[in-house]
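Data first, discussion second: the structure below is written as structure tokens.
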Amino acid sequence: MVDQNSIFGGLLTALGAAKKTNCDALGIPWQPSHMLIGDANGVAPTPDASQTQLINQVHRAPLNQLHTSPTDPNVLIAEVVLPPEVGGWWMRELALEDSDGVFCAVANLPPSYKPLLAQGSGRNQVVRMHIITNGTANIQLKIDPAVVLATRDYVDRSLIARSAFTNVSSSRTLKPQEMGIVLIDASARALNIQLPAADARLGTRDVIVRRKDNSINRLVIKAHGKDTLMFHTHLNPAGYPFLVLMGAGDWWHLRSDGAGNWWPLGRFDSTTLGRPVFETTTVFSPGGYGAMSGQLLDRNEWPWLWDHAQQSGMLYPEKHSYLEGAWTIGDHKTTFRLPEARGEFFRVLDEDRRVDKSTLTGTTTRGSPVISDIRGRTRVKTGMMLEGGDFPKGTTIVSVGESEIVASNESQTDGAGEWQVLGRIAGSWTPDTLERHTHPVSFGSGKGDRVALLPAASTSVAHINHVVAYNTSPPLIGRVGNEETRPRNIAYPARIKLI
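And the structure:
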């Protein structure tokens, strides 16, 4: 029976301890999800780690809160709210069940009767269960707000958290009570703002970090310790330790998961990383843009952009010419270079359609697949097709060296040659060219696209007897081939998304 010597409390069951140990080893959150309530058939129970069920279960309810005790980091507090229409039984024993249905913790409590609404009691009853564990850093609660009741205290704290406005103008770590909207002014200096630890003590919390100033000072939002910000996970599944806010009004909405991660729920500008855009202003728009100017960047300051460059298929050594539109590897150690696009036309990549052609010159030896002394005004890569010269039809490039390439077939002649290379490399640059064409000459009246080579007044035999001494009609010239001039154009600033 219960008396002044009775002790109440809870502990992990053997199944629960094993489940938590396994989750810790795998680095995945352990997720208690439901509380079980029993009447123990009228007896005073003593919790036992070997239990796999309650003595007599009378109710099962989803948890509405799960958090670490503010006075002891090894005590886990689980909470449910019982509505007025639930009850009609005594409460003497409690248990926790996780999301996989494992009976993971058990506890006893002083006998308490939960009345029904029909009995004249219209109150909600809060039931809390304290469980002793060996650590609470890897425990997570996921709830369905449609079926879980919240206590008044929980609602009050949530409203305070969501309505908090914090103004920051110096580098520091944000406090848990400052989660809400954080307005940051970096006009005076570069700032580093650190988020609180995204552990079980903080739980699931939201924060919006927003930049107020439009200066060029760097503003970094850092995760605490080994915590991570889970953005651009297509490049790095582990996320990144920090992000940057660029320009007045730039903001990110982040949510902690209680397991060391901050997940982005929204941001000011979600344009794809690395995408080029045109602007109608020379001022940089907020949201994370830079000029396509071939600028050198620090790999440690832009780790996500460096990952993008490495995975782009458009990253080349600095010394490669005609690749100004691609990423280059900088000093091979700490830097990398943005694409350079100022003053250039943009063109859709050929991508093996073989519409683009460029001229390549070099020297061959009969019976050898090697073309040496390479000269040309574009870069080539393996798989591109060669046309013309002394190679059989269907010849492709097998390998590319500094001053020579190897073809898939052997040359049929010796000496200098010229070939057409079909296709383009992504990010490659080509200069203005005068496309190869001809101008047929004929005699007679000018019709169609043909015009007089000489004015009618200059068609005397004395003037042109070296060309048409026997012809009294003026010579005419036509054209076959591409235009010699480029089209009219408008120049807009080009920007590239940096984050």
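In full-length UniProt numbering, the protein residues as written are 1 to 499. The beta-carbon is built from N, C-alpha and C at its ideal position, and this holds for glycine as well. Keep in mind it's a predicted model, so treat the numbers as computed, not measured.
Handout entry: N- and C-terminal bounds of the alpha helix (DSSP H) containing ASP24
Key = Numbered from its first residue, the sequence shown carries residue 24 at position 24. It spans 14–26 - the alpha helix (DSSP H) in which ASP24 sits, taken as one unbroken run.
Handout entry: 8 Å CB neighbourhood of PHE8 in its chain, flanking five on each side removed
Key = One-based indexing of the sequence shown puts residue 8 at position 8. Cβ within range, chain order: ALA107, ASN108, LEU109, PRO110.
Handout entry: For LEU305, the first and last residue of its enclosing alpha helix (DSSP H)
Key = Reading the sequence shown from its first residue, position 305 is the one you call residue 305. It spans 303–311 - the alpha helix (DSSP H) in which LEU305 sits, taken as one unbroken run.
Problem - Spatial neighbours of THR378 in its chain, beta-carbon cut-off 6 Å, leaving aside the 5 residues before and after - result: Here residue 378 is taken as the residue at index 378 of the sequence shown, counted from 1. Here the set comprises TYR322, SER358, SER428, THR430.
Handout entry: Span separating the alpha-carbon of HIS253 from that of SER171
Key = Locating residue 253 in the sequence shown gives position 253, counting from the first residue. Locating residue 171 in the sequence shown gives position 171, counting from the first residue. The straight-line gap from Cα to Cα measures roughly 20 Å.
Exercise for the section: Compute the beta-carbon to beta-carbon distance between ASP390 and THR413, rounded to the nearest angstrom, for a pair I have assumed lies under 8 Å. Expected result: For the purposes of this step, residue 390 is identified with residue 390 of the sequence shown, where counting begins at 1. For the purposes of this step, residue 413 is identified with residue 413 of the sequence shown, where counting begins at 1. That pair is a contact at about 4 Å.
Handout entry: Assumed close pair GLY249, PHE278 - CB separation to whole angstroms, cut-off 8 Å
Key = Taking the first residue of the sequence shown as position 1, residue 249 is located at position 249. Taking the first residue of the sequence shown as position 1, residue 278 is located at position 278. About 21 Å; that fails the 8 Å criterion.
Exercise for the section: Return the CA-CA distance between GLY313 and GLY274, expressed in angstroms with no decimal places. Expected result: For the purposes of this step, residue 313 is identified with residue 313 of the sequence shown, where counting begins at 1. For the purposes of this step, residue 274 is identified with residue 274 of the sequence shown, where counting begins at 1. The alpha-carbon atoms of GLY313 and GLY274 are separated by roughly 13 Å.
Practice task
Provide the residue(s) that pair with ASP39 in DSSP beta bridges, ordered along the chain.
Solution key: Looking up residue 39 in the sequence shown gives position 39. Per DSSP, none; premise fails for ASP39.
Handout entry: Buried versus exposed call for HIS234 [16 or more other C-beta atoms within 10 Å across all chains shown]
Key = Within the sequence shown, the letter at position 234 stands for residue 234. Classification of HIS234: exposed, given that the 10 Å Cβ count is below 16.
Problem - THR395 - partner residues in DSSP beta bridges - result: Position 395 of the sequence shown holds residue 395. DSSP output for THR395 lists no bridge partner at all.
Exercise for the section: Using three-state DSSP, classify LEU229 as helix, strand or coil. Expected result: Locating residue 229 in the sequence shown gives position 229, where the first residue counts as 1. Here LEU229 sits in strand by DSSP.
Problem - Nearest-angstrom Cα separation, counted from ALA407 out to LEU315 - result: Here residue 315 is taken as the residue at index 315 of the sequence shown, counted from 1. Here residue 407 is taken as the residue at index 407 of the sequence shown, counted from 1. Answer to the nearest angstrom: the Cα atoms are 24 Å apart.
Problem - Burial state of GLY394 (16 or more Cβ within 10 Å) - result: Locating residue 394 in the sequence shown gives position 394, where the first residue counts as 1. With fewer than 16 Cβ atoms within 10 Å of its Cβ, GLY394 is classed as exposed.
Problem - 7 Å Cβ shell around ASP298 - same chain, five flanking residues per side excluded - result: Translated into positions along the sequence shown, residue 298 becomes position 298. Same-chain partners within the cutoff: THR334, THR335.
Exercise for the section: Under 8 Å Cβ to Cβ from VAL43, same chain only, skipping five residues before and after it: list those, please. Expected result: By one-based count along the sequence shown, residue 43 stands at place 43. Same-chain partners within the cutoff: ILE55, ARG92.
Handout entry: N-terminal and C-terminal residue of the beta strand (DSSP E) that GLN420 is part of
Key = Here residue 420 is taken as the residue at index 420 of the sequence shown, counted from 1. First-last of the beta strand (DSSP E) with GLN420: 415–422.
Handout entry: Local conformation of LEU273 per DSSP, three classes
Key = Taking the sequence shown and counting its residues from 1, the one referred to as residue 273 is at position 273. Coil.
Practice task
Keeping to the same chain, check which residues put their C-beta closer than 7 Å to that of LYS175; ignore five residues upstream and five downstream.
Solution key: The residue given as residue 175 occupies position 175 in the sequence shown. Cβ within range, chain order: PRO196.
Handout entry: Residues bridged to TYR316 (per DSSP)
Key = If you number the sequence shown from 1, residue 316 lands on position 316. According to DSSP, which records beta bridges pairwise, TYR316 is partnered with THR328.
Problem - Buried versus exposed, by CB contacts within 10 Å (16 or more), PRO32 - result: As a first step, residue 32 is located in the sequence shown; it is residue number 32 there, counting from the start. Buried, since its Cβ has 16 or more Cβ neighbours within 10 Å.
Problem - DSSP beta-bridge partners of GLU93 - result: Here residue 93 refers to the residue found at position 93 when the sequence shown is read from its first residue. Answer is GLY38, ASN108, bridged to GLU93.
Handout entry: Cβ neighbours of THR166 in the same chain (closer than 8 Å, five flanking residues each side left out)
Key = Counted from its first residue, the sequence shown places residue 166 at position 166. Contacts found: LEU174, GLU178, GLY180, ILE181, VAL182, LEU183.
Practice task
Check whether the Cβ atoms of ILE371 and LYS381 lie closer than 9 Å to each other.
Solution key: To locate residue 371, count along the sequence shown from 1; it is residue 371. To locate residue 381, count along the sequence shown from 1; it is residue 381. No, these two residues do not count as a Cβ contact at 9 Å.
Handout entry: Under 9 Å between C-beta atoms of SER399 and ASP373
Key = The residue given as residue 399 occupies position 399 in the sequence shown. The residue given as residue 373 occupies position 373 in the sequence shown. Cβ atoms of SER399 and ASP373: not closer than 9 Å.
Problem - ALA494 in three-state terms, based on DSSP - result: Position 494 of the sequence shown, counted from the start, is the residue given in the question as residue 494. Of the three classes helix, strand and coil, the one that applies to ALA494 here is strand, per DSSP.
Exercise for the section: Could you tell me the boundaries of the beta strand (DSSP E) in which VAL209 lies? Expected result: Counting from one through the sequence shown, the residue named residue 209 turns up at place 209. From DSSP, the beta strand (DSSP E) with VAL209 extends over 206–211.
Practice task
Could you tell me the distance, in whole angstroms, from the CA atom of ASP307 to the CA atom of TRP327?
Solution key: What you label residue 307 is simply residue 307 of the sequence shown in a count that begins at 1. What you label residue 327 is simply residue 327 of the sequence shown in a count that begins at 1. Answer to the nearest angstrom: the Cα atoms are 11 Å apart.
Practice task
Let me know the secondary structure DSSP gives residue 505 once reduced to three states.
Solution key: For residue 505 there is no data in the structure shown, the boundaries of the chain being 1 and 499.
Handout entry: Identity of the residue in GLN65, ALA259, PRO45, ASN64 nearest GLN57 by Cα
Key = For the purposes of this step, residue 57 is identified with residue 57 of the sequence shown, where counting begins at 1. When each option's Cα is compared against that of GLN57, the closest is PRO45.
Practice task
Determine the contact status of LEU422 and ARG354, defining contact as a CB-CB distance below 9 Å.
Solution key: Residue numbering aside, residue 422 sits at position 422 when the sequence shown is read from its first letter. Residue numbering aside, residue 354 sits at position 354 when the sequence shown is read from its first letter. Closer than 9 Å, so yes.
Problem - Which listed residue (ILE329, ASP72, GLN125) has its alpha carbon closest to that of GLN311 - result: The residue given as residue 311 occupies position 311 in the sequence shown. The shortest Cα separation from GLN311 among ILE329, ASP72, GLN125 belongs to ILE329.
Handout entry: Through-space distance from GLY203 to LYS212, alpha-carbon basis
Key = Here residue 212 refers to the residue found at position 212 of the sequence shown. Here residue 203 refers to the residue found at position 203 of the sequence shown. When rounded, the distance between both Cα atoms is 28 Å.
Exercise for the section: Kindly examine the ligand GDP and report whether one of its heavy atoms sits closer than 8 Å to the Cβ of GLN420. Expected result: This structure lacks the ligand GDP, and indeed carries no ligand of any kind.
Exercise for the section: Report yes if the C-beta distance between VAL102 and GLY10 is below 9 Å; otherwise report no. Expected result: Reading the sequence shown from its first residue, position 102 is the one you call residue 102. Reading the sequence shown from its first residue, position 10 is the one you call residue 10. Cβ atoms of VAL102 and GLY10: not closer than 9 Å.
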